[in-house]
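Trainee: Protein chains in written order, with numbering that gives the first Met the number 0: chain L, 0 to 224; chain H, 0 to 246; chain Z, 0 to 636. Where a beta carbon is used, it is the ideal one built from N, C-alpha and C, also for glycine. Before I ask anything, let me first share the structure, which is written out below as structure tokens.
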Amino acid sequence: MSRLFLFYRSSIGKKVVMAVTGLVLFGFVVVHMAGNLKVYQGAEKINAYGEFLRAMGSPVFSHGQVLWIARIVLLASVALHIMAAVQLILMNRRARPVGYTHQDPIQATYASRTMIWSGPVIALFVIYHLLHFTAGTVHPSFRAGDIYHNVIAGFRVWYVSAFYIVAMVGLGFHLYHGVWSLFQTLGINDVRVDRFFRRLAAVATVAVVAGNISIPVTVLLGLIS
Amino acid sequence: MDVTLHVWRQKSAADRGRFVRYEARNISPDMSFLEMFDVVNEGLIARGEDPIAFDHDCREGICGTCGMVINGVAHGPRRGTTVCQLHLRSFRDGDTITVEPWRARPFPVIKDLVVDRGAFDRIIQAGGFISVPTGSAPDANAIPIPKPDADLAMDAASCIGCGACVAACPNGAAMLFTAAKVSHLGLLPQGQPERRQRVRQMVVAMDREGFGSCTNYAECEAVCPKAISIRFIARMNRDYLKASLME
Amino acid sequence: MELRASVPSGPVEQKWDNHRFEMKLVSPANKRKYTILVVGSGLAGASAAASLAELGYNVTCFCYQDSPRRAHSIAAQGGINAAKNYRNDGDSVFRLFYDTIKGGDYRAREANVYRLAQLSVNIIDQCVAQGVPFAREYGGLLDNRSFGGAQVSRTFYARGQTGQQLLLGAYSALSRQVGLGRVAMYPRHEMLDLVVIDGKTRGVVVRDMVTGQIESHAGDAVVLGTGGYSNVFYLSTNAKGCNATAIWRAYKRGAAMANPSFTQIHPTCIPVSGDHQSKLTLMSESLRNDGRIWVPQQKGDTRPPDRIPEAERDYYLERRYPAFGNLVPRDVASRAAKAVCDEGFGVGPGGLGVYLDLTDAIKRLGEQVIRERYGNLFEMYERITGENPYERPMRIYPAVHYTMGGLWVDYNLMSTIDGLYVIGEANFSDHGANRLGASALMQGLADGYFILPATIGDYLARTKQEKLDPSHSAFRRVEAEVTERTKRLLAIRGKRTVDSFHREFGRLMWEYCGMSRNVQGLQVALEKIPALRAEFWENVNVLGANEELNQSLEKAGRVADFFEFAELMCHDALERAESCGCHFREEYQTPDGEALRDDADFAHVAAWEFAGVDNPPILHKESLAFQYVSLTQRSYK
């Protein structure tokens with residue numbers, strides 16, 4: 000235990016925690032996006048998918064148990080990811096008490112330089128998203144279990160859709176740097192695989208962002224109802 | 000050619016410091032950036048003003064003593080080049096050039112553009128060596144080393160310890176410096192017995208000095224006069240992970 | 000003053016082994032009671048400090064740089080020699096010994112050079128074990144290259160950065176000892192004087208270059224590994240901070256200075272581009288393997304080189320030395336270049352350059368091959384001159400880059416003052432009148448890793464001296480002198496900068512005591528230098544205070560010492576009425592213009608004793624006897 004604690008105390012340890020939790024969350028957003036696309040298969044399919052998520056693990060686990068375990072893992076990942084990020088940001092700020100008059104990046108990507116902003120945007124979005132589609136407290140006509148209705152009705156409000164789209168762009172930037180970066184941090188990256196990880200980050204980013212954004216867009220355009 | 004310089008002047012560590020404007024007139028494009036400073040300083044001394052202090056020694060790009068941030072870029076606009084090897088032909092007549100010291104908490108300013116990089120020495124002292132007392136070595140050819148490993152170790156070993164990586168890193172991290180040494184020794188068979196202990200101790204020392212963490216910006220690699228790759232950072236991360244969790 | 004070389008008896012190949020057995024040892028428990036002060040952290044200083052600390056001594060190490068890793072050994076490019084005979088090409092300890100003695104034009108001590116050749120093999124072992132990434136072949140074994148002055152491949156190298164890698168190896172060993180608390184490291188500290196009490200070296204006075212604090216450090220012995228004095232010429236390939244202050248102060252305290260006029264000129268450096276030039280950059284001599292050296296046949300020809308037809312070029316080395324052509328030794332190539340430029344045939348700014356033309360080689364071998372062989376050198380040339388050497392011949396000119404002379408030391412590396420040891424380029428030993436390529440690194444490491452740690456123990460074991468504290472009155476006296484001198488420099492507030500003086504007298508030295516010398520010139524120099532020195536002490540302008548980082552003050556102190564050093568160099572060059580190795584006296588040459596040695600009168604080391612700043616120095620001679628090599632005259636026709 001003390002070894003883990005010592006490990007976490009180091010800068011690399013915190014980065015590794017960010018990378019591992021980032022990997023969990025990355026896996027989650029990919030699966031989540033794939034599940035979202037079921038909306039195009041109609042109300043029955045996506046509602047059944049929702050039920051499947053709750054029934055997962057049966058009969059070993061009782062109804063909703065596995066889903067709650069997954070939620071706990073995800074929440075813990077988010078908490079650790081944010082805690083490590085905040086500590087690292089503070090550490091980095093302390094390391095450069097006096098800045099330069101001006102400093103233009105040479106090869107750092109826009110995505111890498113805006114992680115500190117795309118992160119909080121995603122955090123705010125996640126809170127809203129949970130209240131919107133999971134708890135339903137900020138939804139105009141929430142019906143428990145009827146995902147299809149909730150999605151269509153939710154995205155008919157244009158500014159809600161707009162916020163979702165903006166948040167997805169933020170997520171895209173975060174993923175684009177984060178996915179490549181996590182392999183670098185975990186030490187899996189090397190010259191031979193560097194290009195693969197960069198492409199993986201780009202492809203995954205485009206897929207997640209495009210897949211997710213397509214839903215509010217099609218709803219607003221009235222293509223599904 | 001003529002250029003206008005905005006140079007950071009700071010009398011001592013305790014002084015607050017400020018930018019001062021100097022005109023460098025009739026300078027030759029064949030001068031190195033440091034030779035231009037020599038000329039400016041000769042002029043300052045003639046006027047009875049304190050010359051600008053800056054670190055430099057070999058002036059051929061290998062000792063790692065010189066270093067300044069020029070228009071926001073450590074070692075200036077030419078890639079793979081230290082300030083002493085940067086020539087004025089890389090600038091245009093009439094340019095305004097801002098010159099600042101390396102900025103990082105572990106590199107406190109001593110005077111003007113001179114900073115204290117003792118933190119680097121302390122990181123090496125923590126483990127950047129192979130423990131082999133004089134006289135105890137086996138024959139040099141006793142352990143063959145595959146050429147690709149030796150070449151890669153040499154890539155890492157070419158670090159000159161100038162500190163540009165720290166200066167350029169938005170986080171003030173010393174990852175590239177530390178990773179270069181960890182990788183150099185970790186790639187060689189001679190470095191294996193102490194490999195895990197070395198990386199742990201060096202990372203602890205690096206953090207203790209107050210350097211920032213790595214956000215994989217890769218700015219360090221862009222300014223490194225020896226073009227040392229951030230792949231070595233991935234290598235160090237891997238070694239550190241193994242050393243911390245698997246022993 | 001008596002010069003006791005203390006060379007052990009017996010056959011040359013057994014001297015070192017016998018000596019090591021005969022030397023007294025300090026018991027392990029007693030070692031920590033001794034404090035050894037090491038000044039300088041280059042190859043010699045760092046390796047010595049690390050090895051002494053490993054043995055158990057208390058070590059204090061000083062360097063003027065901000066880190067011991069930056070000492071100028073770092074700039075050596077080519078490689079390091081060792082008689083490993085890994086190539087099976089007939090190399091042996093004896094051959095390396097023989098080549099070194101001959102290359103030095105028979106002005107080095109046989110016993111020392113033999114020991115150097117013996118230890119060369121241990122150095123490579125030690126460095127490889129430390130993790131020095133020497134070049135390797137695909138089989139995983141060490142690669143070698145050949146180098147000037149030898150017919151075997153015995154040079155080990157790490158790309159073009161051998162000095163850097165060896166220094167980082169020594170630095171890592173030193174850092175380990177610093178981390179263990181066995182070496183107290185003082186970077187940004189400059190030695191300003193030596194403290195000698197009752198004929199024994201007892202410490203140093205240093206200046207903290209950040210605070211200006213003058214500090215005394217007491218010890219049982221002092222080791223100087225402070226490098227060479229090439230910067231006496233202002234322009235040289237040395238780092239800007241390299242200086243002679245430590246050895247000069249030791250000389251003024253009673254250490255003999257040997258062969259100070261032996262300075263080596265490297266033929267392939269990048270020429271001066273204007274008055275602003277602050278230092279010179281060397282390019283590896285290997286370029287001469289594929290390059291042809293020429294100047295226009297017409298004086299002051301300003302046409303670009305590709306417009307000068309073949310028939311109007313003078314390939315002067317090929318013309319004068321048909322057998323060796325462009326591959327004549329360093330000194331011959333350098334003098335020939337200066338001669339054609341002095342006659343007005345030179346090219347480039349100020350007419351101080353000759354073409355080194357690889358056009359034929361590029362045509363013959365293709366650009367790709369040339370890029371593989373010399374890519375890094377071409378890049379360096381392009382960076383400095385802004386000219387593309389693939390399209391336009393490079394311009395080169397000789398520059399000073401190594402000094403064979405230095406403080407006189409005996410076989411044990413001890414100077415004429417008891418307890419003062421001198422290692423690396425700072426001493427005069429092993430290279431005679433000319434150093435072979437890739438031998439400087441070897442000597443620095445042999446001294447630091449293997450010789451000094453053994454011999455200094457013998458001295459400590461034999462010498463009874465009470466422990467001293469820096470509050471001793473002798474230290475107070477020296478501190479007062481140092482402070483007084485600093486105050487004097489700061490009080491002048493004249494009209495000229497330190498650099499302007501350094502530049503002027505450097506030019507004087509280059510002109511009259513550079514690569515060729517004659518009586519008239521040396522006498523002119525001996526008149527002009529004291530006059531310029533007098534002006535310096537009246538008209539130099541050093542601003543600021545002592546109690547701060549004051550780079551002008553640092554330079555002023557060093558230049559003041561160079562002024563005095565320069566005079567001694569001229570005395571030595573004048574006294575040595577022969578030509579040998581790098582010391583070329585125009586009066587003494589063969590009809591072919593080759594150096595003409597005078598073994599009957601000058602087969603000796605000239606060791607000078609200080610007799611006061613305004614008095615001529617006193618000459619002592621250590622005669623050299625050659626039992627194992629026969630003295631021959633070189634010829635490269």
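(1) Rounded to whole angstroms, how far is the Cβ of HIS55(H) from the Cβ of LYS239(Z), which I believe are closer than 8 Å?
(2) Give the DSSP-derived three-state secondary structure of THR236(Z) in the structure shown.
(3) Among PHE176(H), SER182(H), ALA217(H) and TYR239(H), which residue has its Cα nearest to the Cα of THR108(L)?
(4) Tell me the residue span of the beta strand (DSSP E) that contains ILE196(Z).
(5) Please name the residue, chosen from ASP197(Z), THR462(Z) and MET413(Z), that lies closest to GLY447(Z) on a Cα-to-Cα basis.
(6) Closest Cβ-Cβ distance between ALA127(H) and chain Z: below 7 Å?
(7) Would you list the residues sitting across from TRP247(Z) in a DSSP beta bridge?
(8) Skipping 5 residues on each side, what residues in its chain have a beta carbon closer than 7 Å to that of VAL120(L)?
(9) Name the DSSP bridge partner or partners of ALA81(Z)?
(10) Taking PHE232(Z) and GLY418(Z) to be in contact with their CB atoms under 8 Å, please state how far apart those CB atoms are, rounded to whole angstroms.
(11) Which runs of the alpha helix (DSSP H) fall wholly inside the stretch 329-396 of chain Z and span at least 4 residues, in chain order?
(12) Could you name the residues of the stretch 181-194 of chain H whose beta carbon sits closer than 8 Å to any beta carbon of chain Z, in the order they occur along the chain?
(13) Based on Cα-Cα distance, which residue from VAL205(L), ARG198(L) and VAL150(L) lies nearest to TYR39(L)?
(14) Measure from the alpha carbon of ARG88(H) to the alpha carbon of each residue in VAL98(H), VAL222(H) and ARG77(H), then state which is nearest.
(15) Here's a check: name, in chain order, each residue in its chain whose Cβ is nearer than 7 Å to the Cβ of VAL159(L), leaving out the five neighbours to either side.
(16) Excluding five sequence neighbours on each side, which residues of the same chain lie with their C-beta closer than 7 Å to the C-beta of ALA203(L)?
(17) By the 10 Å Cβ neighbour count, where 16 or more other Cβ atoms means buried, how is ASN230(Z) classified, buried or exposed?
(18) So for ASN426(Z), helix, strand or coil by DSSP?
(19) Please decide whether SER212(H) counts as near chain Z, where near means a Cβ-Cβ distance under 7 Å.
(20) Count the other CB atoms within 10 Å of the CB of LEU167(Z); is the residue buried (16 or more) or exposed (fewer)?
(21) Cutting at 8 Å between CB atoms, please list the residues of its own chain near PHE53(H), excluding the five before and the five after it.
(22) Does the beta carbon of TYR239(H) come closer than 7 Å to any beta carbon on chain L?
(23) When DSSP builds the beta bridges, which residues end up paired with ASN433(Z)?
(24) For ILE264(Z) versus MET514(Z), is the C-beta spacing smaller than 7 Å?
(25) In the DSSP assignment, the alpha helix (DSSP H) including ASN35(L) goes from what residue to what residue?
(26) List the residues of chain H that THR485(Z) touches, going by C-beta distances under 7 Å, in chain order.
(27) For GLU1(Z), which of GLY253(Z), LEU140(Z), MET208(Z) and CYS569(Z) has the nearest alpha-carbon?
(28) Quick test of the definition: if touching needs 3 or more C-beta pairs under 8 Å, does the stretch 139-148 of chain H touch the stretch 164-182 of chain H?
(29) So the alpha helix (DSSP H) LYS278(Z) belongs to, where does it begin and stop?
(30) Under 7 Å Cβ to Cβ from LEU130(L), same chain only, skipping five residues before and after it: list those, please.
(31) Just the chain L side, please: which residues come within less than 7 Å of ASN247(H) by C-beta, in chain order?
(32) Comparing C-alpha positions only, which one of ASN70(H), PRO105(H), VAL222(H) and GLN196(H) sits nearest to ALA5(H)?
(33) Mark ASP560(Z) as exposed unless 16 or more other C-beta atoms lie within 10 angstroms of its C-beta, in which case mark it buried.
(34) Against ARG95(L), what residues of chain H qualify as contacts under a CB-to-CB distance less than 8 Å, listed in chain order?
(35) Less than 8 Å between the CB atoms is what I'm expecting for LEU151(H) and LEU186(H), so what's the real figure, rounded?
(36) Going by DSSP in three states, GLY178(Z) sits in which element: helix, strand or coil?
Mentor: Taking the definition as stated:
(1) The sequence position of residue 55(H) within the second sequence is 56, counting from 1. The sequence position of residue 239(Z) within the third sequence is 240, counting from 1. Between LYS239(Z) and HIS55(H) the Cβ distance is about 6 Å, and since that is below 8 Å, they are a contact.
(2) As a first step, residue 236(Z) is located in the third sequence; it is residue number 237 there, counting from the start. In the structure shown, THR236(Z) sits in coil (DSSP, three-state: anything other than H, G, I, E or B).
(3) Position 109 of the first sequence, counted from the first residue, corresponds to residue 108(L). Among PHE176(H), SER182(H), ALA217(H) and TYR239(H), the Cα nearest to that of THR108(L) is on ALA217(H).
(4) In the third sequence, counting from the first residue as 1, residue 196(Z) sits at position 197. That run of the beta strand (DSSP E) goes 188-196.
(5) Looking up residue 447(Z) in the third sequence gives position 448. Minimum Cα distance to GLY447(Z) is reached at MET413(Z).
(6) Here residue 127(H) is taken as the residue at index 128 of the second sequence, counted from 1. Sequence check: residue 127(H) is Gly here, not Ala. Closer than 7 Å to some Cβ of chain Z, the Cβ of GLY127(H) qualifies, so yes.
(7) To locate residue 247(Z), count along the third sequence from 1; it is residue 248. TRP247(Z) pairs with nothing; no bridge assigned.
(8) Working through the first sequence from its first residue, we reach residue 120(L) at position 121. Cβ within range, chain order: ALA166 and GLY169.
(9) Start at 1 with the first residue of the third sequence, and residue 81(Z) comes out as number 82. BP columns for ALA81(Z) are empty, so no partner.
(10) To locate residue 232(Z), count along the third sequence from 1; it is residue 233. To locate residue 418(Z), count along the third sequence from 1; it is residue 419. At roughly 32 Å, the Cβ-Cβ gap does not stay under 8 Å, so PHE232(Z) and GLY418(Z) are not in contact.
(11) 329-341, 358-364 and 366-384
(12) HIS183, LEU184, LEU187, GLN189 and GLY190
(13) As a position in the first sequence, residue 39(L) is number 40, starting the count at 1. Here the closest residue by C-alpha is VAL150(L).
(14) The sequence position of residue 88(H) within the second sequence is 89, counting from 1. The shortest C-alpha separation from ARG88(H) is found at ARG77(H).
(15) The count along the first sequence starts at 1 and reaches residue 159(L) at position 160. Taken in chain order, the residues that qualify are GLY153.
(16) By 1-based counting over the first sequence, the position of residue 203(L) is 204. Correct list, in chain order: VAL29, LEU174 and VAL178.
(17) What you label residue 230(Z) is simply residue 231 of the third sequence in a count that begins at 1. ASN230(Z) is buried by the Cβ-count criterion.
(18) Against the third sequence, residue 426(Z) aligns to sequence position 427. Looking at ASN426(Z) - three-state DSSP - the assignment turns out to be strand.
(19) Taking the second sequence and counting its residues from 1, one reaches residue 212(H) at position 213. By this cut-off, SER212(H) is not an interface position.
(20) Walking along the third sequence from the start, residue 167(Z) turns up at place 168. Under this definition LEU167(Z) is a buried residue.
(21) Position 54 of the second sequence holds residue 53(H). These residues qualify, in order along the chain: LEU33, PHE36, CYS65, MET67, ASP111, LEU112 and VAL113.
(22) As a working note, residue 239(H) is residue 240 in the second sequence. For TYR239(H), the answer is yes, since a Cβ of chain L falls inside 7 Å of its Cβ.
(23) Residue 433(Z) sits at position 434 when you count from the first residue of the third sequence. DSSP lists no partner for ASN433(Z).
(24) In the third sequence, counting from the first residue as 1, residue 264(Z) sits at position 265. In the third sequence, counting from the first residue as 1, residue 514(Z) sits at position 515. Closer than 7 Å, so yes.
(25) Counted from its first residue, the first sequence places residue 35(L) at position 36. It spans 10-35 - the alpha helix (DSSP H) in which ASN35(L) sits, taken as one unbroken run.
(26) In the third sequence, counting from the first residue as 1, residue 485(Z) sits at position 486. Neighbours of THR485(Z) on chain H: none; closest Cβ ~17 Å, over 7 Å.
(27) As a position in the third sequence, residue 1(Z) is number 2, starting the count at 1. For the residues GLY253(Z), LEU140(Z), MET208(Z) and CYS569(Z), the minimum Cα distance to GLU1(Z) belongs to GLY253(Z).
(28) no
(29) Position 279 of the third sequence, counted from the first residue, corresponds to residue 278(Z). Careful: LYS278(Z) lies outside any alpha helix (DSSP H) and carries neither H nor E.
(30) The residue labelled residue 130(L) in the question sits at position 131 within the first sequence. Answer for LEU130(L): THR136 and VAL137, listed in chain order.
(31) Chain H is shown only over 0 to 246; residue 247(H) falls outside these bounds and no answer can be derived.
(32) Reading the second sequence from its first residue, position 6 is the one you call residue 5(H). According to the sequence as given, residue 5(H) is His; it is not Ala. Answer by Cα proximity: ASN70(H).
(33) Residue 560(Z) sits at position 561 when you count from the first residue of the third sequence. So ASP560(Z) ends up on the buried side.
(34) Here residue 95(L) refers to the residue found at position 96 of the first sequence. What ARG95(L) touches in chain H: ARG102, ALA103, ARG104, PRO169, ASN170, GLY171 and GLY211.
(35) Position 152 of the second sequence holds residue 151(H). Position 187 of the second sequence holds residue 186(H). 6 Å between Cβ atoms; contact.
(36) Your numbering for residue 178(Z) matches position 179 in the third sequence. In this structure, GLY178(Z) counts as helix in the three-state DSSP scheme.
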